[in-house]
Amino acid sequence: MAHWYSARNLLPLVLVTVASLLSVFALRSYHDWDPPVNLRPLPENVDLALEDLVYTKNRDGRRLWVLEARSADHSLAEASTRLANLRMVFFDPKQGESVLTADQGEFLPREDRVRVRANVVLTDGQGTTVRTTTLEYVDADRSLRTDDPVTILSHGLTVTGTGLRIDTEQRRITVHGRVRALLPAAGR
Numbered sequence: 043m044a045h046w047y048s049a050r051n052l053l054p055l056v057l058v059t060v061a062s063l064l065s066v067f068a069l070r071s072y073h074d075w076d077p078p079v080n081l082r083p084l085p086e087n088v089d090l091a092l093e094d095l096v097y098t099k100n101r102d103g104r105r106l107w108v109l110e111a112r113s114a115d116h117s118l119a120e121a122s123t124r125l126a127n128l129r130m131v132f133f134d135p136k137q138g139e140s141v142l143t144a145d146q147g148e149f150l151p152r153e154d155r156v157r158v159r160a161n162v163v164l165t166d167g168q169g170t171t172v173r174t175t176t177l178e179y180v181d182a183d184r185s186l187r188t189d190d191p192v193t194i195l196s197h198g199l200t201v202t203g204t205g206l207r208i209d210t211e212q213r214r215i216t217v218h219g220r221v222r223a224l225l226p227a228a229g230r
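This is how it looks when you write it as structure tokens:
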């Protein structure tokens, strides 16, 4: 019986025990290495929720515009994507970029339309800024439209009115009604 308790026979038993304990410890600790996943519940009528969305529209190998949003909630039933804190950049190789920003919006991919609202600002990089409360981009004719009051600031000139259409390719702005223009005073 003394033969059974010898160091030669106990060594494999100790090694197997230690290896088993280390394996159990490693397997229990392994799941703690992954960062915790925090999934927020989706609101009603939302099938897909994204953060930091970047959507690019190309035609004939040329980038037309890029839509970026901090968050986007897409509904399959409504075929629309609600956007928050969005930025839309229109590209024109001749005249440069125009940047549209807004607090909220909606992308309608089937209609190729983007509607924005709240703190809507459009700048063209050449000193012209358009401010309004709502604006709709229609990709079919590459135009921006609103029926709301607008203010246009360009090189000291201030134009206000109601209703607006902008041809993003020609950079042509049409104000529909109640148009008032204020020119800067000469000599300043």
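First residue of the sequence shown? That's 43 in the working numbering, and the numbers climb one at a time after it.
Just so you know, even glycine gets a beta-carbon here, dropped at the ideal spot from N, CA and C.
Note that the coordinates shown come from a computational prediction; the quantities given were computed from them, not determined experimentally.
- Entirely within the region 182–213 and at least 4 residues each: give me those alpha helix (DSSP H) ranges in chain order. none
- Option nearest residue 127 by Cα separation, candidates 163, 144 and 177: 144
Taking the alpha-carbon positions, what's the residue 132 to residue 139 distance? 6 Å
Problem set entry | Alpha carbon of residue 188 to alpha carbon of residue 198, nearest angstrom | 23 Å
*Which term fits residue 220, buried or exposed, when burial requires 16 or more other beta carbons within 10 angstroms of its beta carbon?*
exposed
According to DSSP, residues forming a beta bridge with residue 89
Note: residue 89 sits in no beta bridge, so no partner.
May I have a chain-ordered list of the alpha helix (DSSP H) segments no shorter than 4 residues that lie completely inside the region 142–185? none
Backbone CA spacing between residue 124 and residue 214 [nearest angstrom]
29 Å
Using only alpha-carbon positions, find the residue among 114, 175 and 65 that is nearest to residue 151.
-> 114
query = DSSP puts residue 131 in a beta bridge; with which residues?
reply = 108 and 141
Quick check: what's the CA-CA separation for residue 99 versus residue 156?
12 Å
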